[in-house]
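Participant: Input: one structure, supplied below.
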Ligand code: URA
């Protein structure tokens with residue numbers, strides 16, 4: 002496995018992802034599973050947040066106890082499918098702020114073009130967790146991270162549900178310092194750019210648009 006790629010192999014994550022991949026899984030169930038698996042992925046990506054010791058008076062005694070030493074992370078969603086990961090992640094970290102990045106591919110130049118961009122002003126002080134369910138070619142993730150680096154000198158991480166080896170290679174070549182968290186690394190991309198076996202079009206499955 003490539004450096005800086007964490008495959009979250011927790012049995013509950015793997016079980017939920019398999020149910021999500023099934024084409025017979027209907028919209029309400031797909032959304033419920035996505036909310037649950039997103040929370041578990043957020044748990045893993047925040048594993049290394051720094052703690053400090055504070056003095057707390059419990060009903061029984063005073064004790065030095067751990068508390069986050071840093072501001073809560075922010076989530077940066079790559080529109081539109083990234084939004085599907087937010088509910089579960091915000092269940093886990095309700096104080097997280099949220100940024101949005103919208104990109105489309107220009108059919109002539111094939112360049113990623115920004116159509117929406119709004120991120121928290123204090124992003125450099127927080128771990129910024131970029132979320133998109135499918136890391137396919139990796140081009141959108143690369144472009145989103147380039148935009149974020151304009152505004153942040155802080156730590157960046159990337160979280161997806163399913164990654165293709167091609168997407169991981171592209172993302173790591175452009176942003177080698179950014180850790181990638183995924184529930185699975187699949188076989189390959191097909192000629193339409195879908196991940197095989199994947200779970201289909203994540204946006205359509207989250208929002209019921211097909
Ligand atoms: N985007 C998706 O939603 N699914 C894929 O398989 C690839 C890109």
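Residue numbers (my numbering): 2 to 211. For every residue, glycine included, the Cβ atom is placed at its ideal position computed from N, Cα and C.
Tell me whether the beta-carbon of residue 185 lies closer than 8 Å to the beta-carbon of residue 160.
Facilitator: no
Participant: Quick one: grab the DSSP three-state call for residue 18.
Facilitator: helix
Participant: Please report the Cβ distance between residue 17 and residue 201, rounded to the nearest whole angstrom; I am assuming they are in contact, meaning their Cβ atoms lie under 8 Å.
Facilitator: That pair is no contact at about 16 Å.
Participant: Quick one: give me the first and last residue of the alpha helix (DSSP H) that residue 39 is part of.
Facilitator: 28-46
Participant: Can you tell me which of the three DSSP states residue 204 falls into?
Facilitator: helix
Participant: Please tell me whether, using a cut-off of 7 Å, the distance from the CB of residue 139 to the nearest non-hydrogen atom of the ligand URA is below it.
Facilitator: no
Participant: Indicate the three-state DSSP secondary structure (helix, strand or coil) for residue 209 in the structure shown.
Facilitator: Coil.
Participant: Looking only at C-alpha atoms, which of 76, 44, 27, 65 sits nearest to residue 133?
Facilitator: For residue 133, the closest C-alpha among the options 76, 44, 27, 65 is that of 76.
Participant: Rank 141, 166, 147, 10 by C-alpha distance to the C-alpha of residue 82 and give the top, closest one.
Facilitator: 141
Participant: Where does residue 1 land, buried or exposed, given buried means 16+ other C-beta within 10 angstroms?
Facilitator: Here the chain covers residues 2 to 211 and nothing more, so residue 1 does not appear.
Participant: For the ligand URA, is there a heavy atom less than 7 Å away from the beta-carbon of residue 83?
Facilitator: No - the ligand URA has no heavy atom lying nearer than 7 Å to the Cβ of residue 83.
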